[in-house]
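Structure record follows, encoded as structure tokens.
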Amino acid sequence: MDRWMELDLGAGGTPTIPEELIDKILDLLWDDQEALKQSCLASRSFVRTCQKLIFECIWLEDIPSGGYLNGHLLTMAQRLGLLLRSTPHLALLINGLHIVSDCGNWLTRDKSLPFVLPLLVNLRRFYISNGKKNPDYIIIPYLPKAVQEALFATWRSPKLTHIGMGYIAFASFEDVLSVISQSSHSVRNIAICMVDGEDMEFDGQFNANHDSGINGQPVIPGPSSTRGIDSLTFTPCEDEHSAQFYTWLLNPKTNFSWSSLRKLHFHIGGQYTFEEDLSLFRHILTASPSIEELHISMYNSFGNAWTNSGPHEPVDISSIRVLHLVVDLIKSDLPILEWWCDNLTSALALESFEIYKDASVYSLPETPLDLVLVWKCLDEILSSADRDIKLKIRLILPYNGSFCLFTDDLRHCFPRMRDKGRLEVDCVDRVERHRRIAGLYWL
């Protein structure tokens, strides 16, 4: 008999499936939640491993089909709380938690998170965001105080390795820095995307971490001892917050080491802040010789400021393998693209170069697309490199605009890369924009 068919009959005649066979089956089903549930029902042999896969990462979201409008429906967090009360050991299996509130209602009336969050003693990845559809913010001071306290306590969890926030409003930007400075030394992956803090009072309520004696301080110190960062994303709501964040993080007194940084998502602001941002960007590249993946957003209005403040010395990107650039390919940012052509001369390790561009424009370019000189320069640099660098241009589908770029428009503009089979031009939707441009990779 085939060894896969040899099933032990345990007490009561219940078949026991070999662990090796279970592992092979679950290697195929690990990301199919429904199949994992059915496997548990099919045989008790699957229960332990399937539970680990099912509960490894939990999403607490809005109830589908407008359920958030019904105050009598249990929220996802309340349902999880009931489950953990009846089956406490499941809390030990949860390594990742995503709190997503597209409408924000369920978080403001939630009473279960203060019970659930302290149970997650093995939590490693903690993300909170308003989701993919809603432009509003989750306003921390509007949440119940017990929920605020539970969130800040979770950001200090000793086993945490990843912190991600998207579209969150704190009472103070110092609270944002406090979350980072007081998190565990095991946190080496930080993503702060469109997170605000205006040092203001919200209807008489203050953030539970600010002026409440929980853990806020007027001056935010760094960690007590040196800690490293593997990946860092910061996309500010206000351009000036970028300088505030990186100046604090780069200060030697904050005890952050940059030598381990492998992945950086950096935003260079518009005409009023880009020079300071550019200086900080150079500083980070110098302090981080091991960066391999670089995402740069430079899509704000620069006007003539970039050209008038030039020339700009190239930056050293010799360690970069993957480069993502968000820039206007058509007109206003062509001098910036020229600067990136200069930067590419040092790209000794580059394997993939992706450019993101909004597909909608409001007037036809004065120069035919296939005659834009900087594009020809980019085509020549990439095609003549010793390595087989791949160029990918991602057009973001438009909301409006009187003229729309099409993928074929750009394929003709890079003939050398196209002929070498190393050019890819396609479209991405607005959800992908959130993921790749705003830095919300976890959504």
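The numbering used here applies: residue 837 is where the sequence shown begins, and numbers increase by one.
Beta carbons are placed, not taken as given, at the ideal position from N, Cα and C, and that holds for glycine.
Check	Outcome
Sorted by chain position, which residues of the same chain lie with C-beta nearer than 6 Å to Arg961's C-beta, five sequence neighbours on each side aside?	Gly932, His998
Taking the runs of the alpha helix (DSSP H) that are 4 residues or longer, which of them lie wholly in the segment 1122–1198?	1141–1144, 1170–1179
Give a yes or no on whether the C-beta atoms belonging to His934 and Leu896 are separated by under 9 Å.	yes
Kindly say whether Gln887, judged by its beta-carbon, lies nearer than 9 Å to any beta-carbon of chain C.	The structure shown contains no chain C; it is built from a single protein chain.
Indicate the three-state DSSP secondary structure (helix, strand or coil) for Glu897 in the structure shown.	coil
Taking Val1267 as the reference, which of Leu1231, Asp1255, Met1253, Phe1250 has the closest Cα?	Leu1231
Could you pull out every residue in the same chain whose Cβ sits closer than 8 Å to the Cβ of Ser1096, ignoring the five residues on either side in sequence?	Arg1024, Gly1064, Ile1065, Asp1066, Ser1126
With Val1264 as the anchor, note down where its beta strand (DSSP E) starts and where it stops.	1259–1264
Going along the chain, which residues of its own chain have a beta-carbon closer than 6 Å to the beta-carbon of Leu1130, five neighbours each way excluded?	Leu1100, Ile1156, Leu1159
Considering Cα atoms alone, identify which of Thr1083, Ile1225, Tyr963 is closest to Tyr1277.	Tyr963
Only counting the same chain, and skipping five residues up and downstream in sequence, which positions put a Cβ closer than 6 Å to that of Leu928?	Asn958
Compute the distance between the beta-carbons of Val1261 and Ile1229, then report whether it is under 9 Å.	yes
Whose CA, out of Glu1174, Leu1186, Leu1161, Leu1121, lies closest to the CA of Ile1147?	The question names Ile, but residue 1147 is Pro in the sequence shown. Closest by alpha carbon: Glu1174.
Around the Cβ of Tyr1108, are there at least 16 other Cβ atoms within 10 angstroms (buried) or fewer (exposed)?	exposed
Are Ala1027 and Met1001 touching if we call contact CB-CB under 9 Å?	yes
In whole angstroms, give me the CA-to-CA distance for Pro1204 and Cys1249.	10 Å
Roughly how many angstroms separate the alpha carbons of Arg945 and Arg921, rounded to a whole number?	20 Å
Measuring alpha carbon to alpha carbon, tell me which residue in Glu1010, Phe1006, Leu1013, Leu996 is nearest Ser1020.	Leu996
Between Cys893 and Ala1274, is the Cβ-Cβ spacing less than 9 Å?	no
Go through its chain and collect everything with a Cβ distance to Ser1124's Cβ below 6 Å, but skip five positions before and after it.	Trp1094, Leu1097
From the DSSP output, which residues share a beta bridge with Thr1071?	Cys1029
Whose C-beta lies closer than 6 Å to the C-beta of Ile930 among residues of the same chain, with five residues either side of it excluded?	Phe891, Ile894, Leu956
Under three-state DSSP, which class holds Leu845?	Because Leu845 carries a pLDDT of 41, less than 50, the predicted location of this residue cannot be relied on, and no value is offered for it.
If you run the structure through DSSP and keep just helix, strand and coil, what is Ile1229?	strand
If I measure Cβ to Cβ from Asn1043 and keep anything under 8 Å in the same chain, skipping five residues before and after, which residues do I get?	Because the pLDDT of Asn1043 is 42, which lies under 50, any placement of that residue in the model is unreliable, and the number read from its coordinates should be weighed accordingly. Contacts found: Ile976, Pro977, Gln984, Phe1006, Ala1007, Ser1008, Asp1011, Gly1052.
Any idea which residues DSSP pairs Ile1065 with across the strands?	DSSP lists no partner for Ile1065.
Fully enclosed by the segment 974–1035, which alpha helix (DSSP H) runs are 4 residues long or longer?	981–991, 1009–1017
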